[in-house]
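Top to bottom, those sequences are chains E and F.
Counting in the working numbering, the final residue of the first sequence is number 1051, and the numbers go up one at a time with none missing.
Counting in the working numbering, the final residue of the second sequence is number 267, and the numbers go up one at a time with none missing.
Each residue gets a CB set at the ideal place from its N, CA and C atoms; glycine is no exception.
Reading through the structure tokens given below for one structure.
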Amino acid sequence: MAERPRAAPRLAAELRDVWKEFVKGGRRVEAVRAIDFAVAPNEFAAILGPSGCGKSTLLNMVAGFDRPTRGQVWANGAPVEGPDPSRAVVFQEPALFPWYTVLDNITFGPKTRRVPPEVYRPRVAALLSQVGLEGFASHYPAELSGGMKQRVGIARVLVMEPELLLMDEPFGSLDAQTRLVMQELLLEVWERRHQTVLFVTHDVEEALLLADSVSVMTARPGRIKKRITVELPRPRALDLTTSPLFNELKREVLALIREERLRAAAE
Amino acid sequence: MSRRGPWFILLPLLLLGLWHVAVTRQWVMPGIIPAPAQVAESWQRWIFGKPGLSLSPYSGTWVANVVYSARRVFEGFVIAAGVGIPLGLFIGWNRLVARIVDPSVQLLRPVPITAWLPFSIAVFGIYDAGALFLIALGAFYPIVVNTTHGVRDTNLLLLRAARMLGAGEPTVLRKVVLPSALPSIFTGLRLGVGVAWTAVIVAEMIAVKSGLGYVLWDAYYVGRMDICVATMFSVGLLGFVSDRIILGAGHLFLRWRVLEAHG
Chain E
785 MAERPRAAPR
795 LAAELRDVWK
805 EFVKGGRRVE
815 AVRAIDFAVA
825 PNEFAAILGP
835 SGCGKSTLLN
845 MVAGFDRPTR
855 GQVWANGAPV
865 EGPDPSRAVV
875 FQEPALFPWY
885 TVLDNITFGP
895 KTRRVPPEVY
905 RPRVAALLSQ
915 VGLEGFASHY
925 PAELSGGMKQ
935 RVGIARVLVM
945 EPELLLMDEP
955 FGSLDAQTRL
965 VMQELLLEVW
975 ERRHQTVLFV
985 THDVEEALLL
995 ADSVSVMTAR
1005 PGRIKKRITV
1015 ELPRPRALDL
1025 TTSPLFNELK
1035 REVLALIREE
1045 RLRAAAE
Chain F
5 MSRRGPWFIL
15 LPLLLLGLWH
25 VAVTRQWVMP
35 GIIPAPAQVA
45 ESWQRWIFGK
55 PGLSLSPYSG
65 TWVANVVYSA
75 RRVFEGFVIA
85 AGVGIPLGLF
95 IGWNRLVARI
105 VDPSVQLLRP
115 VPITAWLPFS
125 IAVFGIYDAG
135 ALFLIALGAF
145 YPIVVNTTHG
155 VRDTNLLLLR
165 AARMLGAGEP
175 TVLRKVVLPS
185 ALPSIFTGLR
195 LGVGVAWTAV
205 IVAEMIAVKS
215 GLGYVLWDAY
225 YVGRMDICVA
235 TMFSVGLLGF
245 VSDRIILGAG
255 HLFLRWRVLE
265 AHG
């Protein structure tokens, strides 16, 4: 068999000169402007910005829920045409199907894609224990706490083994304690699979703790102000947030945010 | 008495007592309104009496008439649900279907089913088909409107979740939209069965010669108000029972929703 030509290392996600406008109440609103942005395979990329800066819009375009007004969105070597299981999403709200049990929520994807049960069953069992939900398989979402629901939301997409995991402020609606637990869980998951992640947040510490790169966005219309590489050693744990290197990075990011706030206020 | 005691029995007993006193003291026109005891006795004979042997032509015919009416309600209701639920799903889901079908539904809906009576008799004659047409039409509107409403109320986030998990439109419709609309659909079914009982009485009073509606009108003509009142109670009871059946089926399908309400 002839050797196939080796493909150039393709990007997990790429936005080329992307603009997005909405019509809201009869008025045109520019959400993001001239975005050039890429996520490398196995990278944990965070996008950091104030609420309303268009960072969720950016993620929705990669997910295929929204189309750009101008420019191109690519993922895994193909233009994004619509939602696809290779680009799975964890939303800010758990968005579980309330009429399905935890187990049926997690197997929704594999069943829909006709994955044979003998393939997904062991994966589901492993995931349930990994996210600490053994014994809750037959519970309905209404019987779970906010943190548990979000874990189901994460298990539901990890079972698909997506090429790119999109997370839209996934811990934003959780209390501070639960958020820390979830961040550690996500770090653990990342160590295990080196899962490519695009993570949207407004929490500076969360972005620095989790990500390999943090892209700071401007206020609306959102642009990428600066991309910072987070060269903190892995595996990481929560105590990293007290290290000098972490605080140095945090100062840098906060300075960027302050600068941006002043610029926005001056306009 | 405990707070969960049989308090619901209090008001009916009070009303029954008031009715009894009003008749025996002749507060209302004497001889027109029968006393509760008289209604109870006639009703009992209507149910358990031997047909043909008694002086009353109604003796022992209750079950047969109930079966006539209940069967019509059931058949009409099944037709209404069979057309109304799928149509409601499509109107709610597809903008093109909504634009083509919905205006006609909304225009026809204000026409009361009683206004359809002459049309129904002209087309179907005084047969079962006419009654079924009225019942199905009456029950159809609340079912289709509530189903449409339920579909349109589906959470956008759940639709996005299903799509990013790989679901195509048929799967989204079956696994997300339908279960999400189910509470609304059951509301429509409950309203629909109520209209169905209204429609069956109207249809039987005029368009067919059997069932509780026919007995009601017939008894009125021959001055048997006791039978009229017993019929009213019968219809009320049957309406209540059919509502409970649908409610029970709803609880069976909507276990997750019960959990949500208490959670």
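Presumed contact (8 Å Cβ cut-off) between Leu-193 (chain F) and Ala-85 (chain F), rounded CB distance: Between Ala-85 (chain F) and Leu-193 (chain F) the Cβ distance is about 6 Å, and since that is below 8 Å, they are a contact.
Cβ shell of Pro-863 (chain E) (< 8 Å), same chain only, five flanking positions each side left out: Correct list, in chain order: Gln-856 and Val-857.
Three-pair Cβ contact test at 8 Å for the segment 215-228 of chain F versus the segment 63-81 of chain F: Result yes; three or more Cβ-Cβ pairs closer than 8 Å.
Inter-stretch contact at 8 Å, needing at least 3 Cβ pairs: the segment 994-1011 of chain E / the segment 796-816 of chain E: A contact exists between the segment 994-1011 of chain E and the segment 796-816 of chain E.
Inter-residue spacing [alpha-carbon to alpha-carbon] between Val-936 (chain E) and Pro-954 (chain E): About 12 Å.
Contact with chain E by Trp-260 (chain F), beta-carbon distance below 7 Å: Taking Cβ atoms only, chain E reaches closer than 7 Å to Trp-260 (chain F), which makes this a yes.
Separation of Pro-10 (chain F) from Gln-48 (chain F), as counted between CA atoms: Linking Gln-48 (chain F) to Pro-10 (chain F) through their CA atoms gives a straight-line distance of about 25 Å.
Own chain residues within Cβ distance below 6 Å of Asp-230 (chain F), not counting five before or after: Excluding positions up to five away in sequence, the list reads Pro-38, Gln-42, Val-43 and Ser-46.
8 Å Cβ cut-off: residues of chain B touching Gly-893 (chain E): Structure shown: chain B not included; protein chains present are E and F.
Amino acids of chain F, ordered along the chain, whose beta-carbon sits closer than 7 Å to that of Ala-847 (chain E): The contacting residues are Met-168.
Chain E contact residues for Glu-264 (chain F), given Cβ-Cβ distances below 9 Å: Within 9 Å Cβ-Cβ: Pro-882, Tyr-924, Pro-925 and Ala-926.
Spatial distance of Ile-125 (chain F) from Ala-203 (chain F) (CA atoms): For Ile-125 (chain F) and Ala-203 (chain F), the distance between alpha carbons rounds to 14 Å.
Assumed close pair Gly-154 (chain F), Ala-200 (chain F) - CB separation to whole angstroms, cut-off 8 Å: The pair is not a contact, with the Cβ atoms about 20 Å apart (cut-off 8 Å).
Partners in chain E for Arg-164 (chain F), counting only beta-carbon separations shorter than 9 Å: Those are Asn-844, Ala-847, Phe-849, Pro-867, Val-873, Phe-875 and Ala-879, listed as they occur along chain E.
Three-pair Cβ contact test at 8 Å for the segment 843-857 of chain E versus the segment 1012-1028 of chain E: No, they do not touch.
Sub-7 Å separation of Ser-997 (chain E) and Ile-1008 (chain E) beta-carbons: With respect to Ile-1008 (chain E), Ser-997 (chain E) sits apart: the two C-beta atoms are not nearer than 7 Å.
Residue nearest to Val-3 (chain F) in terms of C-alpha spacing, selected from F:Trp-260, F:Leu-256 and F:Ser-246: Within the shown structure, residues of chain F are numbered from 5 to 267, placing residue 3 (chain F) beyond reach of any answer.
Helix, strand or coil at Thr-152 (chain F) [DSSP, three-state]: Here Thr-152 (chain F) sits in helix by DSSP.
Sequence-distant residues of the same chain with beta carbon closer than 6 Å to Ala-166 (chain F), five excluded per side: Same-chain partners within the cutoff: Val-176 and Val-180.
Per-residue contacts from Pro-116 (chain F) into chain E (C-beta, under 8 Å): By Cβ distance, chain E contributes nothing, its closest Cβ being about 36 Å from Pro-116 (chain F), past 8 Å.
Beta-carbon proximity list for Ala-786 (chain E), same chain, < 8 Å, skipping 5 on both sides: Summary for Ala-786 (chain E): the model assigns pLDDT 47, below 50, so the residue's position carries little reliability; its value from the coordinates is reported in the next sentence. Result list for Ala-786 (chain E): empty, nothing under 8 Å.
Within 7 Å, strictly: CB atoms of Thr-891 (chain E) and Ser-922 (chain E): Not in contact: Thr-891 (chain E) and Ser-922 (chain E) (Cβ atoms no closer than 7 Å).
Assigned exposure category for Tyr-145 (chain F) - 16 Cβ within 10 Å defines buried: Burial call: buried.
Distance between beta carbons of Leu-958 (chain E) and Met-966 (chain E), contact taken as under 8 Å: Taking C-beta atoms under 8 Å as the contact rule, Met-966 (chain E) and Leu-958 (chain E) qualify, at a distance of about 6 Å.
Buried/exposed call for Glu-1056 (chain E), threshold 16 Cβ in 10 Å: A query on residue 1056 (chain E) cannot be resolved here, the shown segment of chain E reaching from 785 to 1051 and no further.
Neighbour flag for Pro-183 (chain F) against chain E, beta carbons, 7 Å: Yes, because at least one Cβ of chain E sits closer than 7 Å to the Cβ of Pro-183 (chain F).
Pair within 7 Å by beta-carbon distance, Phe-1030 (chain E) and Ala-830 (chain E): Cβ distance not < 7 Å, so Phe-1030 (chain E) and Ala-830 (chain E) don't count as in contact.
Chain E residues whose Cβ lies nearer than 7 Å to that of Leu-161 (chain F): For Leu-161 (chain F), the residues of chain E that pass the 7 Å Cβ criterion are Phe-875, Glu-877 and Ala-879, in the order they occur in the chain.
CB contact check: Thr-175 (chain F) to chain E, cutoff 7 Å: Residue-level contact check: Thr-175 (chain F) touches chain E, since one or more beta carbons of chain E fall below 7 Å from its beta carbon.
Environment of Glu-827 (chain E) [buried if 16+ CB atoms lie within 10 Å]: It is buried - the Cβ of Glu-827 (chain E) has at least 16 other Cβ atoms within 10 Å.
Phe-806 (chain E) - partner residues in DSSP beta bridges: In DSSP, Phe-806 (chain E) forms a bridge with E:Val-813.
Uninterrupted beta strand (DSSP E) stretches inside the segment 77-158 of chain F (no shorter than 3 residues): Counting only runs of 3 or more, we get nothing.
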